Amino acid sequence: MADDQIKKAATLIRESKYTSAFTGAGISVESGIPPFRGEEGLWSKYDPKTLEIDFFYRNPKESWKVIMEIFYEFFGKATPNRAHEVLAELEKRGLLKSVITQNIDNLHQEAGSRVVYEFHGNSKKLVCTFCNAVYSVGELSMDVLPVRCPKCNMLVKPDFIFFGEAIPQDAYNHALEAARNSQVMLVIGTTAEVMPAGQIPIMAKSNGATIIEVNREPSNLTGHITDIFLQGKASVVMDELLKNIIKT
Ligand code: APR
Numbered sequence: 002m003a004d005d006q007i008k009k010a011a012t013l014i015r016e017s018k019y020t021s022a023f024t025g026a027g028i029s030v031e032s033g034i035p036p037f038r039g040e041e042g043l044w045s046k047y048d049p050k051t052l053e054i055d056f057f058y059r060n061p062k063e064s065w066k067v068i069m070e071i072f073y074e075f076f077g078k079a080t081p082n083r084a085h086e087v088l089a090e091l092e093k094r095g096l097l098k099s100v101i102t103q104n105i106d107n108l109h110q111e112a113g114s115r116v117v118y119e120f121h122g123n124s125k126k127l128v129c130t131f132c133n134a135v136y137s138v139g140e141l142s143m144d145v146l147p148v149r150c151p152k153c154n155m156l157v158k159p160d161f162i163f164f165g166e167a168i169p170q171d172a173y174n175h176a177l178e179a180a181r182n183s184q185v186m187l188v189i190g191t192t193a194e195v196m197p198a199g200q201i202p203i204m205a206k207s208n209g210a211t212i213i214e215v216n217r218e219p220s221n222l223t224g225h226i227t228d229i230f231l232q233g234k235a236s237v238v239m240d241e242l243l244k245n246i247i248k249t
């Protein structure tokens, strides 16, 4: 990661009147949560079809088995890393308006970020698919799968978006607002492969935002959407970025 690039990124963020962050699984890898794609990716171990909404309704037990292994065995013990903390610090300093995340691990909130829009929902809540009763994870036992509602005995599902489900309207609206108004958008740890989420940085760019990308390796955005590519691990790059923002 070139020194002048990080200095340029720091100046842009300090001078920007409206900066937002768009994050993906890569920002949580150093918290111990594997990404979805790439050689260590979850989709090389699990078939993503088990998280398609109609598969879930047709094969709830099989789908719940994958859900539990991926999201409740992996995610359960994860804690925020330096990259999450730096975004919370930037918000505190009035240098970051919002975080739009594709992640469902709640780590931005646990790091102290207050304005977080979850494009794919959140894994910390469970919702009954019939009576809409809401439970926090831990309230319902996962010893017997699929998890059923104690009130009506119908299927319970995690409150995150399965493939084939609509994006939560409030998160979508706020993401579009950031894509319209951002002068700078920090894009951290995403392949930008999955739509419509992957459109957000592209829309921001077309509305005049400067795209600062932080990724271990080039993504679908690098080279044509990204203006400044800070290659490296998110926690290292974000720590370096904050140091440059503060010292100048
Ligand atoms: N630091 C920075 N970037 C990293 C790191 C790291 N330590 N480790 C991995 N990455 C990058 C990878 O290079 C890759 O570009 O994070 C990205 C992870 O990509 P994906 O696994 O595709 O995650 P994401 O882009 O968030 O996927 C979007 O796909 O399966 C769905 O709903 C799921 O929200 C997810 C969506």
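Counting in our numbering, the sequence shown runs from 2 upward without gaps.
Cβ coordinates follow ideal geometry from the N, Cα and C atoms, glycine included.
A quick note: this is a predicted structure, and the numbers were derived from the prediction, not measured.
Spatial neighbours of Lys98 in its chain, beta-carbon cut-off 6 Å, leaving aside the 5 residues before and after: Tyr19 and Ser21
For Phe57, the nearest candidate out of Phe163, Met239, Asp5 and Ala205 (CA to CA): Phe163
Within the region 175 to 229, ranges of the alpha helix (DSSP H) (whole runs, at least 4 residues): 200 to 207
Any non-hydrogen atom of ligand 1 within 7 Å of Thr223 CB: no
Test item: CB-CB of Ile213 and Ala3 under 8 Å: no
Any non-hydrogen atom of ligand 1 within 7 Å of Arg38 CB: yes
Whole-angstrom C-beta distance between Thr211 and Gln184, which should lie under 8 Å: 7 Å
Cβ-based burial, Gln170 [other Cβ within 10 Å; buried from 16]: exposed
Asn82 and Glu31 closer than 8 Å at C-beta: yes
Distance cut-off 7 Å: Ser64 Cβ against heavy atoms of ligand 1: no
Delimiting residues of the beta strand (DSSP E) encompassing Ala22: Thr20 to Thr24
Delimiting residues of the beta strand (DSSP E) encompassing Thr12: Taken as a continuous stretch (DSSP letters only), Thr12 belongs to no beta strand (DSSP E), being part of the alpha helix (DSSP H) at Asp4 to Glu16.
One or two residues paired with Thr102 in a DSSP bridge: Thr24 and Glu119
Segment contact flag, the region 127 to 134 with the region 148 to 163, C-beta cutoff 8 Å, min 3 pairs: yes
Pairwise C-alpha distance: Asn60 and Arg217: 36 Å
Those residues which DSSP pairs with Cys129 across a bridge: Val157
Sequence-distant residues of its chain with Cβ nearer than 6 Å to Ala205 (five each side left out): Ala180, Ser183 and Met186
DSSP-derived helix/strand/coil call for Ser32: helix
Thr51 beta carbon near ligand 1 (any heavy atom closer than 7 Å): no
Coil, strand or helix - Phe72 by DSSP: helix
Exposed unless 16 or more other CB atoms sit within 10 angstroms - verdict on Ser137: exposed
Where the alpha helix (DSSP H) through Ser236 begins and ends: Ala235 to Lys248
Asn216: CB within 7 Å of a non-hydrogen atom of ligand 1: yes
Whole-number beta carbon distance between Ile28 and Ser79, since they are thought to touch under 8 Å: Sequence inspection shows Ala at residue 79; the Ser mentioned does not correspond to that position. Actually they do not touch by this definition, with Cβ atoms about 11 Å apart.
Cut-off 6 Å between Cβ atoms - residues of its own chain near Gly33, not counting five sequence neighbours on either side: Ala79
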